[in-house]
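Chemist:
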Amino acid sequence: MGILTDLRSSISRATSSLFTGGEPKRIGIYGPPNAGKTTLANRIARDWTGDAVGPESHVPHETRRARRKENVEIKRNGKSVTIDVVDTPGVTTKVDYKEFLEHDIEKEDAVRRSREATEGVAEAMHWLREDVDGVIYVLDATEDPFTQVNTMLVGIIESQDLPVLIFANKIDLDEASVQRVSNAFPQHETVPLSALEGDNMDEVYDKIAEYFG
Amino acid sequence: MPHQCTGCGEVFEDGSKEMLSGCPECGGNTFQFRPKGADLPNDPDPPDPDVDDTGSDPDDPDPSGPDGDELPDRDDGAVAGTVGRATTRVRDFVSPSGEPDPNATWPSEASGATAAEPATDDGEIIDADARRDDAGVDEDDAQASARTGLASREDVRDVGEPRTGPAGSEPAESGPSGSGWTGDTGAGSDGAADGRSDRPPAGEGDQVVSDPDDEDPDLTELREQLNDQFESIKIVEPGEYELNLMELYEREEYIIALQENGRYVIQVPDQWIGSDFDDR
Chain H
15 MGILTDLRSS ISRATSSLFT GGEPKRIGIY GPPNAGKTTL ANRIARDWTG
65 DAVGPESHVP HETRRARRKE NVEIKRNGKS VTIDVVDTPG VTTKVDYKEF
115 LEHDIEKEDA VRRSREATEG VAEAMHWLRE DVDGVIYVLD ATEDPFTQVN
165 TMLVGIIESQ DLPVLIFANK IDLDEASVQR VSNAFPQHET VPLSALEGDN
215 MDEVYDKIAE YFG
Chain R
68 MPHQCTGCGE VFEDGSKEML SGCPECGGNT FQFRPKGADL PNDPDPPDPD
118 VDDTGSDPDD PDPSGPDGDE LPDRDDGAVA GTVGRATTRV RDFVSPSGEP
168 DPNATWPSEA SGATAAEPAT DDGEIIDADA RRDDAGVDED DAQASARTGL
218 ASREDVRDVG EPRTGPAGSE PAESGPSGSG WTGDTGAGSD GAADGRSDRP
268 PAGEGDQVVS DPDDEDPDLT ELREQLNDQF ESIKIVEPGE YELNLMELYE
318 REEYIIALQE NGRYVIQVPD QWIGSDFDDR
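In order, the protein sequence lines correspond to chains H and R. Positions in the first sequence are counted from 1; adding 14 to them yields the working numbering. Positions in the second sequence are counted from 1; adding 67 to them yields the working numbering.
1) Using a Cβ cut-off of 8 Å, pull out every chain R residue sitting near R40(H), in sequence order please.
2) Give me the Cα-Cα distance between E87(H) and I119(H), rounded to the nearest whole angstrom.
3) Using 8 Å as the limit for Cβ to Cβ distance, is L187(H) near chain R?
4) Which same chain residues end up closer than 6 Å to T52(H) when comparing Cβ atoms and leaving out the 5 residues on each side of it in sequence?
5) Which runs of the alpha helix (DSSP H) spanning at least 4 residues fall entirely within the stretch 139 to 212 of chain H, listed in chain order?
6) Would you list, in chain order, the members of the stretch 159 to 183 of chain H that have their beta-carbon closer than 7 Å to a beta-carbon of chain B?
7) Once DSSP output is grouped into helix, strand and coil, what is the label at V73(H)?
8) So what's G76(R) in DSSP terms, helix, strand or just coil?
9) Using 8 Å for Cβ pairs, my map puts G45(H) next to L153(H). What's the rounded Cβ distance?
10) Rounding to the nearest angstrom, what Cα-Cα distance links S196(H) and I302(R) in this structure?
11) Decide if the stretch 119 to 139 of chain H is in contact with the stretch 154 to 162 of chain H; the criterion is three or more beta carbon pairs, one per stretch, under 8 Å apart.
12) Going by beta carbon distance, what residues of the same chain come within less than 7 Å of F226(H), once the five residues before and after it are set aside?
13) What does the Cβ neighbour count give for Q193(H), buried or exposed, with the cut at 16 atoms within 10 Å?
14) Just to confirm my understanding: we take K83(H), look at its own chain, exclude 5 residues before and 5 after, and list those with CB closer than 6 Å. What are they?
15) Please list the terminal residues of the continuous alpha helix (DSSP H) segment that includes T52(H).
16) Just to confirm, is the Cβ distance from A182(H) to T204(H) under 8 Å?
17) Do we get a CB-CB distance below 8 Å when we pair G306(R) with the residues of chain H?
18) Name the residue from D186(H), I180(H), V105(H) whose alpha carbon lies nearest to the alpha carbon of Q201(H).
19) By a C-beta neighbour count over all protein chains shown, 10 Å radius and 16 as the cutoff for buried, is V146(H) buried or exposed?
20) Who are the neighbours of M313(R) on chain H, taking C-beta pairs under 9 Å?
21) Using three-state DSSP, classify A269(R) as helix, strand or coil.
22) Would you list the one or two residues that DSSP bridges to K83(H)?
23) Check the C-beta distance from L167(H) over to V105(H) and give it rounded, since I have them as a contact under 8 Å.
24) Grab the span of the beta strand (DSSP E) containing I119(H) for me, first residue to last.
25) Skipping 5 residues on each side, what residues in its chain have a beta carbon closer than 7 Å to that of E304(R)?
26) Can you list, in chain order, the residues of its chain whose CB lies under 6 Å from that of K108(H), leaving out five sequence neighbours each side?
27) Which residues, in chain order, does the stretch 92 to 111 of chain H contribute to contact with chain R at a C-beta distance below 9 Å?
28) Buried or exposed, going by whether 16 or more other CB atoms sit within 10 Å of the CB of D110(H)?
29) Closest Cβ-Cβ distance between T132(H) and chain R: below 8 Å?
30) Between the beta-carbon of E113(H) and the beta-carbon of P74(H), is there less than 8 Å?
31) Could you say which of N164(H), T132(H), I222(H), I43(H) lies nearest to E309(R) if we only look at CA atoms?
32) For the alpha helix (DSSP H) containing E314(R), name the first residue and the last one.
33) With 16 as the cutoff for other CB atoms within 10 Å, does K89(H) come out buried or exposed?
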């Protein structure tokens, strides 16, 4: 990250704080691949700024670089909170170009995607260490949440004493089990939602304001 | 207490053959290494007898052994508890201060999977990472021997394990099913191996993987393979990568681009310029 970027970030934060009375928190959206992180980031950004963050896809690792949407002002209960939303690549311990081949991607492109996805995971982990003030951890509620990656990441987040919300996404699907997600991380608040359909977004914003405001 | 199953907390003697085919207690295939020589503020002398309760079962190479019925049911409550405890351990693991949390629980404490498990184990686990560099200094003779030598063939035979032939040049990844450190395909096991159990063993792990079925394993080669596993990103082949999340998280430098030839570009943090610049 260059000096100019840092400077710009600092200026935008200072400018924002003039209006909101507080520095915007940088909220990282983390989770495994295909949990719906970008869909959520886009939903939040569109709802409050009108812009999207990045392309959504069923292909895993579509997001291979962290993307940021700054100064997302969320108004709740007469107050407003301003956050920077950081959409991160899905975190995993293994990236294999062959999984892209299943999505009709040519091998050369698949290998490149795989390499970029790996770089993206490294970037996401680096951001987690240094650049986020809070975390929205997005899980696909139709998938088993009891994975080592989830456990490890939540553990790291806790070690940083970062505020964290667990989002059980894709509740519009029949197989979704919010209970299973909340059972996996009973120490944290689990918020059910469908970022795609916009289900339960009121509670989502309530919680974001409550936790990160 | 050199090795401990990250799933159920079962303890294995250094060089134990049982764990090579997975934890007999829970079937898990990720283990936490804890050098014996690393003393702890709150646990100065790990009890040696621990190793006996697991290491003295050489006639039962079956991973589902006599205690296998203690495999916890995968009902939500039990698993949630396990995950919670594991999370606690991860948090302790990455705690910046490296200060062991005396209240941290270890899976075996609550699950009761291991009868003779002392409550002091949590300290050991936490310390394994922080003190891995010191491990070689205070180790006793047995540990030193384990680090530098291979188990004798008699030892291996005593266990009664089937000798399924040489594992060739890649015993670390082509060993008995269920024994893989990071070679297995299960995402869950990879996560554990990458993030937690891999780091502490560093050089010591060779004893573990060299034990199994090799006729004449090349120790140097094994070491190299194991060292490879502890890098933050392992290039299995072009387009296929294994990531050590904990390493990536803990690195100060930032990998921004991988090259085809296995090299990668990093962004060096400002602190590396010199000690005077560490106020960033």
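Idealized CB from N, CA, C, for every residue including glycine.
Modeler: A quick look at the data gives this:
1) Within the first sequence, the letter at position 26 stands for residue 40(H). Here the premise fails: no neighbours, minimum Cβ distance about 16 Å.
2) One-based indexing of the first sequence puts residue 87(H) at position 73. One-based indexing of the first sequence puts residue 119(H) at position 105. Roughly 38 Å separates the two Cα atoms.
3) The sequence position of residue 187(H) within the first sequence is 173, counting from 1. By this cut-off, L187(H) is not an interface position.
4) Sequence index remark: in the first sequence, residue 52(H) carries index 38 (1-based). Cβ neighbours of T52(H) beyond the five flanking positions: G68, E70, T77, D101.
5) 162 to 173, 192 to 198
6) Considering every chain present, this structure includes no chain B. Its protein chains are H and R.
7) Residue mapping note: residue 73(H) aligns to position 59 of the first sequence, counting from 1. Per DSSP, reduced to three states, the secondary structure at V73(H) is coil, with no helix or strand assignment.
8) Position 9 of the second sequence holds residue 76(R). G76(R) falls in the coil class under three-state DSSP.
9) Counted from its first residue, the first sequence places residue 45(H) at position 31. Counted from its first residue, the first sequence places residue 153(H) at position 139. The Cβ separation is near 6 Å, so the contact holds.
10) Residue numbering aside, residue 196(H) sits at position 182 when the first sequence is read from its first letter. Residue numbering aside, residue 302(R) sits at position 235 when the second sequence is read from its first letter. About 35 Å.
11) no
12) By 1-based counting over the first sequence, the position of residue 226(H) is 212. For F226(H), where only same-chain residues beyond five positions count, the Cβ hits under 7 Å are K39, I41, V95, I97, G148, P177.
13) What you label residue 193(H) is simply residue 179 of the first sequence in a count that begins at 1. Under this definition Q193(H) is an exposed residue.
14) Counting from one through the first sequence, the residue named residue 83(H) turns up at place 69. Within the same chain, K83(H) has close Cβ partners A59, V67, V99.
15) The residue you call residue 52(H) lines up with position 38 of the first sequence. First-last of the alpha helix (DSSP H) with T52(H): 51 to 62.
16) Start at 1 with the first residue of the first sequence, and residue 182(H) comes out as number 168. Start at 1 with the first residue of the first sequence, and residue 204(H) comes out as number 190. Result yes, Cβ atoms of A182(H) and T204(H) sit closer than 8 Å.
17) Along the second sequence, one-based indexing puts residue 306(R) at 239. Chain H, which has a Cβ nearer than 8 Å to the Cβ of G306(R), makes this yes.
18) Translated into the one-based positions of the first sequence, residue 201(H) becomes position 187. The shortest C-alpha separation from Q201(H) is found at I180(H).
19) Residue numbering aside, residue 146(H) sits at position 132 when the first sequence is read from its first letter. That one is buried.
20) Taking the first residue of the second sequence as position 1, residue 313(R) is located at position 246. M139, M166, I170, listed in chain order.
21) Position 202 of the second sequence, counted from the start, is the residue given in the question as residue 269(R). With a pLDDT of 40 at A269(R), under the threshold of 50, the modelled position of that residue is not reliable, and no figure is offered here.
22) Here residue 83(H) is taken as the residue at index 69 of the first sequence, counted from 1. Bridge partners of K83(H): V99(H).
23) By 1-based counting over the first sequence, the position of residue 167(H) is 153. By 1-based counting over the first sequence, the position of residue 105(H) is 91. With a Cβ gap of about 6 Å, L167(H) and V105(H) count as contacting.
24) Along the first sequence, one-based indexing puts residue 119(H) at 105. No beta strand (DSSP E) contains I119(H), which DSSP labels as neither H nor E.
25) Translated into the one-based positions of the second sequence, residue 304(R) becomes position 237. By the criterion of a C-beta distance shorter than 7 Å, E304(R) is surrounded by no residue of its chain, once the five residues flanking it on both sides are discounted.
26) Sequence index remark: in the first sequence, residue 108(H) carries index 94 (1-based). Once the five neighbours on either side are set aside, K108(H) has no close Cβ partner at all.
27) Those would be V105, T106, T107, K108, V109, D110, Y111, in chain order.
28) Within the first sequence, numbered from 1, the residue matching residue 110(H) stands at position 96. The residue in question, D110(H), is buried, as its Cβ has 16 or more Cβ neighbours within 10 Å.
29) Your numbering for residue 132(H) matches position 118 in the first sequence. With 8 Å as the cut-off, T132(H) counts as an interface residue toward chain R.
30) The count along the first sequence starts at 1 and reaches residue 113(H) at position 99. The count along the first sequence starts at 1 and reaches residue 74(H) at position 60. Yes, these two residues count as a Cβ contact at 8 Å.
31) As a position in the second sequence, residue 309(R) is number 242, starting the count at 1. Selected option, being the one with the closest Cα: T132(H).
32) The residue given as residue 314(R) occupies position 247 in the second sequence. From DSSP, the alpha helix (DSSP H) with E314(R) extends over 312 to 317.
33) Residue numbering aside, residue 89(H) sits at position 75 when the first sequence is read from its first letter. Classification for K89(H): exposed.
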